[in-house]
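A.B. asks:
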Amino acid sequence: MKPKKWQWEVWLLNFIALGYLTLVLLIPMVNVFYQAFKDGWAGVWATWTDENFRSAALLTLTASAIAIPLNTVFGLCTAWILARHKFPGKAVVLSILDLPFSISPVVVGLMIVLVYGRQGWWGGWLAEHNLRVVFAFPSIALASAFVSLPFVAREVIPVLEELGKEQEEAARTLGANSWQTFGRVILPSIKWGLLYGILLTNARAMGEFGAVSVVSGNIIGFTQTLPLFVETAYKEYNSQSAYSASVALALLAIVTLVFKGILDRVDKRPKN
Amino acid sequence: MLPPPLRQFIRLSAKISLPFIVAFAYLTLMLFLPIGAVCQKALTEDWADIWRIATDRVAISAYEVSFGTALVASLLNGVFGTLLAWVLIRHDFPLRRIFDALIDIPFALPTAVAGLTLSTVYSPQGWIGALFPYVQISFSRLGVGVAMVFVSLPFVVRTVQPVLMDLEKDTEEAAACLGADRFQICFRVILPAILPAILTGIALGFSRAVGEYGSTVLIASNLPYRDLIAPVLIIQRLEQYDYAGATVIGLVLLLFSFVSLLVINLLQVWGRRYEA
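In structure tokens form, the structure reads like this:
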């Protein structure tokens, strides 16, 4: 026996839920493309060929190119430690790993200023050696790396746990050294989780706004990243330029989501 | 004889390998050191000063806007997010996969872009703002709420979905066979099972919404006592070179992050209470 048929109520609930989704997510997303292209390609093209846009895009790409390898190496090490060892306080370590997600980006920026800024812990030493971190590229890379720190570890841990340690031990007894075990046994099995983790790291690092806007100083052409370019254009009431730059970032988001869809299909493990 | 945890620690440190060193060094440099810097800088002030800065009138109103609006936004998402998760799992309709993928947009879309497009769409001339001619949404506290709803929507949906998926349809059908009506099924069978997940999602979304800066700063007018949120206040203090003021408010937000992380962990433990 089935529960009494849900008829119009189901449609009403579907309608309410999808209506909410449309109001909150879909319309704003469509609006990005509409506003950018409402006067045709010319406006978008003008922004994309603009000197300042190019340097902002380059800076964003460079910062994420530094954040990705750092967080990948760290993420792999951490995932392996947490998946393969039992030790007291493991739950605490897992929570600490999530801290970068829950700390406000503005506080992240503040922390970087307090360590590397002129008044900060290492400010004096850095100034003596003529090194600039805050209001320069290093702080942007640092902020991007901080906010995207947990993604690789978070994605790889469940895969490693599911994999079990038998294959690793078998490789070891057959005489493989650590690097061979990693390169030929572990890496092939975790590649999809790792790839998705890297993808999320990239999306987060490229899109970071709050932390970067505190530490970068937003110097046009030098320390202005793409999200900062969007904000500056918006504040100057240059909405065509703001939306044209936004399209580039929105495309990045869509590529990330499409990739996620593909990976979900390739690799049928349940995701949370 | 040493106590067991200590013995375990020694045994563990005997096999410290490269991954341990890399992970620990990186965490120290990236996470522990900066957190230490905030605490140390804030605590160089007198307690009286810290208290005065942290409970300054502008600061109090900024907390009130941040926490109050974030609470409303995350509760709203608690209701609609649960409904969305249920609709996306239990029903099949055209474009379901697309709608499901859309949920993740706030995770992938840079917050500055979100703020830009939300402030246009919800402005009086915008597509949605025009539907509500007598309410100002953009550049008011309502706009802050809209931005917070946007950034915290995926949390509830994504935490409830797997739990709802595990809760077989059989359970609902069994309840129906035993004579439960639809409301009893909803409130006595489904809801208790997914409640920990809903609360976890709300807590995650709340924590995210309180810290949110990019989308809220673009949609708000950032006026004190009106729609100034705590993260924006930190930035304003920094721009005035008031490092003590910025640091103390930063510390308040940092402590909030610790507390919310603790609460989320407890909720997750509660959610797994029936698992082996």
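Chains as they are written, first to last, in my numbering: chain A, 870 to 1141; chain B, 198 to 473. Note that CB positions come from ideal geometry on N, CA and C, so glycine has one too. Since the model is a prediction, treat every value here as computed from it, not as a measurement.
What ranges does the alpha helix (DSSP H) occupy inside the segment 238 to 315 of chain B, keeping only unbroken runs of at least 4 residues that lie completely in it?
C.D. replies: Whole alpha helix (DSSP H) segments, 4+ residues: 244 to 251, 254 to 287, 293 to 299, 302 to 305.
A.B. asks: What is the DSSP secondary structure of B:Q333, counted as helix, strand or coil?
C.D. replies: Counting from 1 along the second sequence, the entry for residue 333 of chain B is found at position 136. Coil, per DSSP.
A.B. asks: Restricting to runs no shorter than 4 residues, where is the alpha helix (DSSP H) found entirely within the segment 939 to 972 of chain A?
C.D. replies: Here the runs fully enclosed are 959 to 971.
A.B. asks: State the start and end residues of the unbroken alpha helix (DSSP H) segment that holds B:F384.
C.D. replies: On the second sequence, position 187 is the one that residue 384 of chain B refers to. Looking at the DSSP string, B:F384 is not in any alpha helix (DSSP H), and its letter there is neither H nor E.
A.B. asks: How many Å lie between B:L240 and B:V429 at the Cα?
C.D. replies: Numbered from 1 along the second sequence, position 43 holds the residue referred to as residue 240 of chain B. Numbered from 1 along the second sequence, position 232 holds the residue referred to as residue 429 of chain B. Going from the Cα of B:L240 to the Cα of B:V429 covers about 22 angstroms.
A.B. asks: I'd like to know whether the C-beta of B:F217 is nearer than 8 angstroms to at least one C-beta of chain A.
C.D. replies: Looking up residue 217 of chain B in the second sequence gives position 20. Yes, B:F217 counts as interfacial toward chain A.
A.B. asks: Count the other C-beta atoms from every protein chain shown that fall within 10 angstroms of the C-beta of A:A996, then say buried if there are 16 or more, exposed otherwise.
C.D. replies: If you number the first sequence from 1, residue 996 of chain A lands on position 127. Result: exposed.
A.B. asks: By alpha-carbon positions, which one of B:S316, B:M227, B:A220 ends up nearest to A:A1014?
C.D. replies: Within the first sequence, the letter at position 145 stands for residue 1014 of chain A. Considering only alpha carbons, the answer is B:M227.
A.B. asks: Taking the Cβ atom as the reference point for each residue, do A:G1079 and A:G978 lie within a distance shorter than 8 angstroms?
C.D. replies: For this step, residue 1079 of chain A is matched to residue 210 along the first sequence. For this step, residue 978 of chain A is matched to residue 109 along the first sequence. Yes; because the gap between Cβ atoms is below 8 angstroms, this pair is in contact.
A.B. asks: Among the residues of its own chain, which have a CB less than 7 angstroms from the CB of B:I247, if the five just before and after it don't count?
C.D. replies: Counted from its first residue, the second sequence places residue 247 of chain B at position 50. Taken in chain order, the residues that qualify are A239, V445.
A.B. asks: Could you tell me which of A:L966, A:A936, A:L939, A:P938 sits nearest to A:L950, measuring between CA atoms?
C.D. replies: Numbered from its first residue, the first sequence carries residue 950 of chain A at position 81. Strictly speaking, residue 950 of chain A in this sequence is Ile, with Leu absent from that position. If we check each option's Cα against that of A:I950, A:L966 comes out closest.
A.B. asks: Starting from A:A1111, find everything on chain B with Cβ-Cβ shorter than 8 angstroms and list it in chain order.
C.D. replies: Stepping through the first sequence from its first residue, residue 1111 of chain A is reached at position 242. Residues of chain B passing the Cβ test: L313.
A.B. asks: Under the assumption that A:S964 contacts B:L458 (Cβ atoms under 8 angstroms), give the Cβ distance between them as a whole number of angstroms.
C.D. replies: If you number the first sequence from 1, residue 964 of chain A lands on position 95. If you number the second sequence from 1, residue 458 of chain B lands on position 261. About 5 angstroms; that satisfies the 8 angstroms criterion.
A.B. asks: If you count every other CB in all the chains shown that lies within 10 Å of the CB of B:P389, and 16 or more means buried, which is it?
C.D. replies: Here residue 389 of chain B refers to the residue found at position 192 when the second sequence is read from its first residue. Looking at its Cβ environment, which holds fewer than 16 other Cβ atoms inside 10 Å, B:P389 is exposed.
A.B. asks: Between which two residues does the alpha helix (DSSP H) containing B:L415 stretch?
C.D. replies: Along the second sequence, one-based indexing puts residue 415 of chain B at 218. Start and end: 411 to 416.
A.B. asks: If you measure from the beta carbon of A:R1053 to each beta carbon in chain B, is any gap under 8 angstroms?
C.D. replies: By 1-based counting over the first sequence, the position of residue 1053 of chain A is 184. A:R1053 does not count as touching chain B.
A.B. asks: Would B:M345 count as contacting chain A if we go by Cβ distances under 8 angstroms?
C.D. replies: Start at 1 with the first residue of the second sequence, and residue 345 of chain B comes out as number 148. Not an interface residue.
A.B. asks: Whose C-beta lies closer than 7 angstroms to the C-beta of B:A270 among residues of the same chain, with five residues either side of it excluded?
C.D. replies: The sequence position of residue 270 of chain B within the second sequence is 73, counting from 1. Within the same chain, B:A270 has close Cβ partners G342, M345, V346, S349, A406.
A.B. asks: Measuring straight from C-alpha to C-alpha, what distance separates B:V449 and B:F229?
C.D. replies: Your numbering for residue 449 of chain B matches position 252 in the second sequence. Your numbering for residue 229 of chain B matches position 32 in the second sequence. Computed Cα separation, rounded: 17 angstroms.
A.B. asks: Beta carbons nearer than 7 angstroms to chain A: which residues of the segment 228 to 256 of chain B have them?
C.D. replies: Listed in sequence order: L228, L230, P231, I232, A234, V235, K238.
A.B. asks: Within the continuous alpha helix (DSSP H) that includes B:L452, where are the two ends?
C.D. replies: Translated into positions along the second sequence, residue 452 of chain B becomes position 255. B:L452 -> alpha helix (DSSP H) spans 440 to 468.
A.B. asks: Below 7 angstroms between beta carbons is the criterion; list the residues of the segment 1088 to 1101 of chain A that meet it against any residue of chain B, in chain order.
C.D. replies: Those residues of the segment 1088 to 1101 of chain A that come within reach of chain B (Cβ to Cβ, closer than 7 angstroms) are P1096, V1099, E1100.
A.B. asks: Judging by CA-CA distance, which residue of A:K1129, A:S1082, A:V1116, A:Y1065 is the nearest neighbour of A:I937?
C.D. replies: Translated into the one-based positions of the first sequence, residue 937 of chain A becomes position 68. Checked all of A:K1129, A:S1082, A:V1116, A:Y1065; the closest Cα to A:I937 is A:Y1065.
A.B. asks: Out of A:G992, A:N1046, A:V893, A:S1110, state which residue places its alpha-carbon closest to the alpha-carbon of B:A234.
C.D. replies: For the purposes of this step, residue 234 of chain B is taken as residue 37 along the second sequence, with counting starting at 1. Cα-wise, what sits closest to B:A234 is A:G992.
A.B. asks: Hey, how far is the Cα of A:E1024 from the Cα of A:T891?
C.D. replies: Numbered from its first residue, the first sequence carries residue 1024 of chain A at position 155. Numbered from its first residue, the first sequence carries residue 891 of chain A at position 22. Approximately 29 angstroms, taken between the alpha carbons.
A.B. asks: At 7 angstroms on the CB atoms, spell out the chain A contacts of B:Q205, in chain order.
C.D. replies: Mapped onto the second sequence, residue 205 of chain B falls at position 8. Within chain A, the residues near B:Q205 are F956, P957.
A.B. asks: So, with DSSP's three-state summary, where would you put B:Y422?
C.D. replies: Residue mapping note: residue 422 of chain B aligns to position 225 of the second sequence, counting from 1. The answer is coil: DSSP assigns B:Y422 none of H, G, I, E or B.
A.B. asks: I'd like to know whether the C-beta of B:W324 is nearer than 8 angstroms to at least one C-beta of chain A.
C.D. replies: Stepping through the second sequence from its first residue, residue 324 of chain B is reached at position 127. By this cut-off, B:W324 is an interface position.
A.B. asks: Check the Cβ-Cβ distances between A:K907 and every residue of chain B, and say whether any is below 8 angstroms.
C.D. replies: Working through the first sequence from its first residue, we reach residue 907 of chain A at position 38. Cβ-Cβ to chain B under 8 angstroms: no for A:K907.
A.B. asks: By DSSP, does B:A377 sit in helix, in strand, or in coil?
C.D. replies: In the second sequence, residue 377 of chain B corresponds to position 180, counting from 1. Three-state DSSP puts B:A377 in coil, outside helix and strand.
A.B. asks: Once the 5 residues before and after A:W880 are set aside, which same chain residues still bring their CB inside 7 angstroms of it?
C.D. replies: Taking the first sequence and counting its residues from 1, one reaches residue 880 of chain A at position 11. For A:W880, where only same-chain residues beyond five positions count, there are no Cβ hits under 7 angstroms.
A.B. asks: Check each candidate in B:F304, B:L292, B:L339 and name the one with the smallest Cα separation from A:V1124.
C.D. replies: On the first sequence, position 255 is the one that residue 1124 of chain A refers to. Comparing Cα-Cα distances from A:V1124 to each of B:F304, B:L292, B:L339, the minimum goes to B:F304.
A.B. asks: Shortest alpha-carbon distance to B:P421 belongs to which of B:A327, B:P351, B:P231, B:S263?
C.D. replies: Here residue 421 of chain B refers to the residue found at position 224 when the second sequence is read from its first residue. Among B:A327, B:P351, B:P231, B:S263, the Cα nearest to that of B:P421 belongs to B:S263.
A.B. asks: Between B:Y410 and chain A, is the shortest Cβ-Cβ distance under 8 angstroms, so that the two count as touching?
C.D. replies: Residue 410 of chain B sits at position 213 when you count from the first residue of the second sequence. Taking Cβ atoms only, chain A reaches closer than 8 angstroms to B:Y410, which makes this a yes.
A.B. asks: Could you check what DSSP says for B:R434 in three-state terms: helix, strand or coil?
C.D. replies: As a first step, residue 434 of chain B is located in the second sequence; it is residue number 237 there, counting from the start. Helix, per DSSP.
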